[in-house]
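For the sequence shown, the working numbering assigns the number 229 to the initial residue and increments by one for each residue that follows.
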Amino acid sequence: QSLEVALGPIQMTAMTYGTVAPRSETSLVSEVSGRIIKISPNMVSGGFFEAGELLFEVDPVDYQIALDQANANLNRARGELAFAEKDYKRQLDLKQRQSISQAIEDDALKRLQIARAVHQDARSKTAAAQRDLSRTSVIAPYQGRVRNENIDLGQYVSRGVALANLYATDFAEVRLPLQDEELAYLDVSLANESKGTEGQAQVNLTANFAGQPQRWLGEIVRSEGEIDAVSRMIHLVARVTAPYEPQSGQAPLAVGLFVEAEILGRTLENVVMLPRTAIRGEDQVFLIGQDQRLELKQVSVVRRLGDQVIVGGGLADGDLICLTAMDDAVPGMRVRIQDTESMVTLR
Numbered sequence: 229q230s231l232e233v234a235l236g237p238i239q240m241t242a243m244t245y246g247t248v249a250p251r252s253e254t255s256l257v258s259e260v261s262g263r264i265i266k267i268s269p270n271m272v273s274g275g276f277f278e279a280g281e282l283l284f285e286v287d288p289v290d291y292q293i294a295l296d297q298a299n300a301n302l303n304r305a306r307g308e309l310a311f312a313e314k315d316y317k318r319q320l321d322l323k324q325r326q327s328i329s330q331a332i333e334d335d336a337l338k339r340l341q342i343a344r345a346v347h348q349d350a351r352s353k354t355a356a357a358q359r360d361l362s363r364t365s366v367i368a369p370y371q372g373r374v375r376n377e378n379i380d381l382g383q384y385v386s387r388g389v390a391l392a393n394l395y396a397t398d399f400a401e402v403r404l405p406l407q408d409e410e411l412a413y414l415d416v417s418l419a420n421e422s423k424g425t426e427g428q429a430q431v432n433l434t435a436n437f438a439g440q441p442q443r444w445l446g447e448i449v450r451s452e453g454e455i456d457a458v459s460r461m462i463h464l465v466a467r468v469t470a471p472y473e474p475q476s477g478q479a480p481l482a483v484g485l486f487v488e489a490e491i492l493g494r495t496l497e498n499v500v501m502l503p504r505t506a507i508r509g510e511d512q513v514f515l516i517g518q519d520q521r522l523e524l525k526q527v528s529v530v531r532r533l534g535d536q537v538i539v540g541g542g543l544a545d546g547d548l549i550c551l552t553a554m555d556d557a558v559p560g561m562r563v564r565i566q567d568t569e570s571m572v573t574l575r
């Protein structure tokens, strides 16, 4: 067989696999104790919710009473502080006229310092009561989905007890292992660059879902930056936006799905793809000259991909490469070409 060379551009790719994971997961914990009086209908396993949505509410009555008491104590402390300040100022005026002793002034200063401390303590307790009251309403921190939950209306919950696990659905991530040498063909950097995700490598994700082949488009947003000392693997992270809002006819990119990833890399110019059998030794090919004699030509092998190789130097458009494996072939041997890209036989 023979092949006529036609140099052109070839885009590099890297194939790998990974499992879809959420970009963020949260263990939902009640920060106050009390009885559940309201639950969102979306607060069920598999339920979707929006950022800022009320997920559940603990009975706020006791916390409202505590806040009212704290406000009353704060008002009383504020009045006592104002009285202590006025009294201390009056004692200072009397001291300057030498109408009172130093001991009386010291007592007034001590009362002022105590009033200030009581006022500060009351302010802190009021702030704590306000915080506890606000924590009776549990708000979704992001757009997401409920992985699992252990909560029901009327249930009494204790402070610090985990009630549900949530994960974000604004975008999904896939951790993709790669051999470090494959980075040479990708627009991915291990450095801390400020360009963000713009211009990063695109990724085609594919999987069989519900008995049908599915495809999603994502992009590489970062690398983990470390190369495993044993496997020599580095992990890239691909991101897919709105995985649960797919295009028409497309399945959602569900968390936990195992996918195949094709990372699109740099485009090489003036190269040609050859079957691996065309390479003699490490970097040579047999060309068929105009006199139909074999010529051994050294070439530059850019990349080896299974049973194919990409050659980027040493060949020109129109060169005719011998593809037929012939153990006894030597330079200068005459061959007969039955058809281009067909059988080559010795003469």
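For each residue, glycine too, the CB sits at the ideal point set by N, CA and C.
Just so we're clear, the structure is a prediction, and the values are computed from it rather than from any experiment.
- Item | beta strand (DSSP E) segments (min. 3 residues) lying fully within the segment 518 to 573 | 522 to 526, 528 to 533, 536 to 541, 548 to 550, 563 to 565
- Message: Quick check: the Cα distance between SER528 and ASP547, rounded to an integer number of angstroms?
- Response: On the sequence shown, residue 528 is found 300 positions in, with the first residue counted as 1. On the sequence shown, residue 547 is found 319 positions in, with the first residue counted as 1. Approximately 15 Å, taken between the alpha carbons.
- Query: Per DSSP, LEU394 forms a beta bridge with which residues?
  - Reply: Against the sequence shown, residue 394 aligns to sequence position 166. BP columns for LEU394 point to THR254, VAL374.
- Query: Can you list the beta strand (DSSP E) stretches of 3 or more residues lying completely in the segment 426 to 487, in chain order?
  - Reply: 430 to 437, 440 to 455, 461 to 469
- Would the segment 252 to 259 and the segment 383 to 395 be scored as touching if the rule is three or more Cβ pairs under 8 Å? yes
- Please name the residue in ALA457, MET240, GLN526, PHE284 whose C-alpha comes closest to that of ILE379. What you label residue 379 is simply residue 151 of the sequence shown in a count that begins at 1. ILE379 has its Cα closest to that of PHE284, out of ALA457, MET240, GLN526, PHE284.
- Message: Mapping the DSSP letters down to three states, classify ILE267 as helix, strand or coil.
- Response: For the purposes of this step, residue 267 is taken as the residue at position 39 of the sequence shown. Of the three classes helix, strand and coil, the one that applies to ILE267 here is strand, per DSSP.
- Message: Along the chain, where does the alpha helix (DSSP H) containing GLN407 start, and where does it finish?
- Response: Locating residue 407 in the sequence shown gives position 179, where the first residue counts as 1. Counting along the chain, GLN407 falls outside any alpha helix (DSSP H), though it belongs to the beta strand (DSSP E) covering 399 to 407.
- For the candidate residues GLY307, VAL289, ARG373, SER362, whose alpha-carbon lies nearest to that of HIS347? Reading the sequence shown from its first residue, position 119 is the one you call residue 347. Nearest option by C-alpha distance: GLY307.
- Task: Could you pull the start and end residues of the alpha helix (DSSP H) that LEU340 belongs to?
- Result: Within the sequence shown, the letter at position 112 stands for residue 340. Taken as a continuous stretch (DSSP letters only), the alpha helix (DSSP H) holding LEU340 covers 330 to 362.
- Query: Can LEU295 and THR354 be called in contact, C-beta distance under 9 Å?
  - Reply: Translated into positions along the sequence shown, residue 295 becomes position 67. Translated into positions along the sequence shown, residue 354 becomes position 126. Yes, they are a contact pair.
- Inter-residue Cα distance where the pair is SER422 and ARG450: In the sequence shown, counting from the first residue as 1, residue 422 sits at position 194. In the sequence shown, counting from the first residue as 1, residue 450 sits at position 222. With a pLDDT of 46 at SER422, under the threshold of 50, the modelled position of this residue cannot be trusted, and the question is left open.
- Message: The alpha helix (DSSP H) that contains GLN324, what's its start and end?
- Response: Counted from its first residue, the sequence shown places residue 324 at position 96. Segment 289 to 324, the alpha helix (DSSP H) holding GLN324.
- Separation of ALA343 from ALA312, as counted between CA atoms: Position 84 of the sequence shown, counted from the first residue, corresponds to residue 312. Position 115 of the sequence shown, counted from the first residue, corresponds to residue 343. Straight through space, the alpha carbons of ALA343 and ALA312 are spaced by roughly 7 Å.
- Message: Restricting to Cα atoms, I'd like to know which of ILE549, ALA482, GLY541, ASN498 is closest to GLN518.
- Response: Indexing the sequence shown from 1 puts residue 518 at position 290. Of ILE549, ALA482, GLY541, ASN498, the residue nearest in Cα terms is ILE549.
- Item | DSSP state of LEU282 mapped onto helix, strand, coil | Start at 1 with the first residue of the sequence shown, and residue 282 comes out as number 54. Looking at LEU282 - three-state DSSP - the assignment turns out to be strand.
- Does the distance from the CB of LEU515 to the CB of LEU524 come in under 9 Å? Sequence index remark: in the sequence shown, residue 515 carries index 287 (1-based). Sequence index remark: in the sequence shown, residue 524 carries index 296 (1-based). Yes, the Cβ-Cβ distance between LEU515 and LEU524 is below 9 Å.
- Message: DSSP has GLN512 in a bridge; who is on the other side?
- Response: Translated into positions along the sequence shown, residue 512 becomes position 284. Residue pairing from DSSP places GLN512 in a beta bridge opposite ARG508, GLN526.
- For ALA234, the nearest candidate out of VAL499, ILE367, GLU473 (CA to CA): Counted from its first residue, the sequence shown places residue 234 at position 6. For ALA234, the closest of VAL499, ILE367, GLU473 by C-alpha to C-alpha distance is VAL499.
- Query: If we ignore side chains and look at the alpha-carbon of each, how far apart do ASP335 and ALA298 end up?
  - Reply: Here residue 335 refers to the residue found at position 107 of the sequence shown. Here residue 298 refers to the residue found at position 70 of the sequence shown. Cα to Cα, ASP335 sits roughly 28 Å from ALA298.
- Task: Pull up the distance between the alpha-carbon of GLU490 and that of ASN432, whole angstroms please.
- Result: Counting from 1 along the sequence shown, the entry for residue 490 is found at position 262. Counting from 1 along the sequence shown, the entry for residue 432 is found at position 204. Taking the straight line joining both Cα atoms gives about 5 Å.
- In or out: LEU302 buried (at least 16 other Cβ within 10 Å) or exposed? Here residue 302 corresponds to residue number 74 of the sequence shown, with the count starting at 1. So LEU302 counts as buried.
- Message: Closest to SER230 by C-alpha separation, out of ARG562, GLN383, THR552, ASP556, would be which residue?
- Response: Within the sequence shown, the letter at position 2 stands for residue 230. Nearest option by C-alpha distance: THR552.
- Message: Using CA atoms only, rank isn't needed, just tell me which of GLY493, PRO480, ASP408 is closest to GLY453.
- Response: Within the sequence shown, the letter at position 225 stands for residue 453. Checking every option, the nearest Cα to that of GLY453 belongs to ASP408.
- Do ALA305 and ASP349 have their C-beta atoms within less than 9 Å of each other? Along the sequence shown, one-based indexing puts residue 305 at 77. Along the sequence shown, one-based indexing puts residue 349 at 121. Yes, they are a contact pair.
- Query: So what does DSSP say about ALA368, is it helix, strand or coil?
  - Reply: Along the sequence shown, read from residue 1 onward, the residue named residue 368 stands at position 140. Three-state DSSP puts ALA368 in coil, outside helix and strand.
- Close-in-space but distant-in-sequence residues of the same chain around THR469 (CB under 7 Å, 5 per side omitted): Counted from its first residue, the sequence shown places residue 469 at position 241. Annotation for THR469: PHE399 place their beta carbon closer than 7 Å to its own, counting only its chain and skipping 5 residues before and after.
- Query: To which residues of the same chain is GLY246 closer than 7 Å at the C-beta, ignoring the five residues directly before and after it?
  - Reply: Taking the first residue of the sequence shown as 1, we reach residue 246 at position 18. Excluding positions up to five away in sequence, the list reads VAL402, ARG403, LEU404, VAL487, ALA489.
- Query: Among the residues of its own chain, which have a CB less than 8 Å from the CB of ARG460, if the five just before and after it don't count?
  - Reply: Translated into positions along the sequence shown, residue 460 becomes position 232. Hits under 8 Å: GLN407, ASP408.
- Less than 9 Å separating the beta-carbons of ARG564 and ARG521? Residue 564 sits at position 336 when you count from the first residue of the sequence shown. Residue 521 sits at position 293 when you count from the first residue of the sequence shown. No, the pair does not count as a contact, with Cβ atoms beyond the cut-off.
- Can you tell which of ILE538, ASN376, VAL374 has the C-alpha that lies nearest to the C-alpha of ILE507? One-based indexing of the sequence shown puts residue 507 at position 279. Residue ILE538 is the option with its Cα nearest to ILE507.
- Item | Straight-line gap, THR244 to GLU410 (C-alpha atoms, nearest Å) | Taking the first residue of the sequence shown as 1, we reach residue 244 at position 16. Taking the first residue of the sequence shown as 1, we reach residue 410 at position 182. Each residue's Cα considered, the two are about 11 Å apart.
- Pick from PRO474, ALA457, GLY382, TYR413: whose alpha carbon is nearest that of ARG443? Here residue 443 corresponds to residue number 215 of the sequence shown, with the count starting at 1. Out of PRO474, ALA457, GLY382, TYR413, PRO474 has the C-alpha closest to the C-alpha of ARG443.
- Message: Taking the straight line between their C-alpha atoms, what separation do you get for PRO269 and LEU496?
- Response: The residue given as residue 269 occupies position 41 in the sequence shown. The residue given as residue 496 occupies position 268 in the sequence shown. Roughly 54 Å separates the two Cα atoms.
- Item | Pick from ASN376, ALA300, ALA396, ARG318 that is closest to ARG351, judged by C-alpha positions | Stepping through the sequence shown from its first residue, residue 351 is reached at position 123. Among ASN376, ALA300, ALA396, ARG318, the Cα nearest to that of ARG351 belongs to ALA300.
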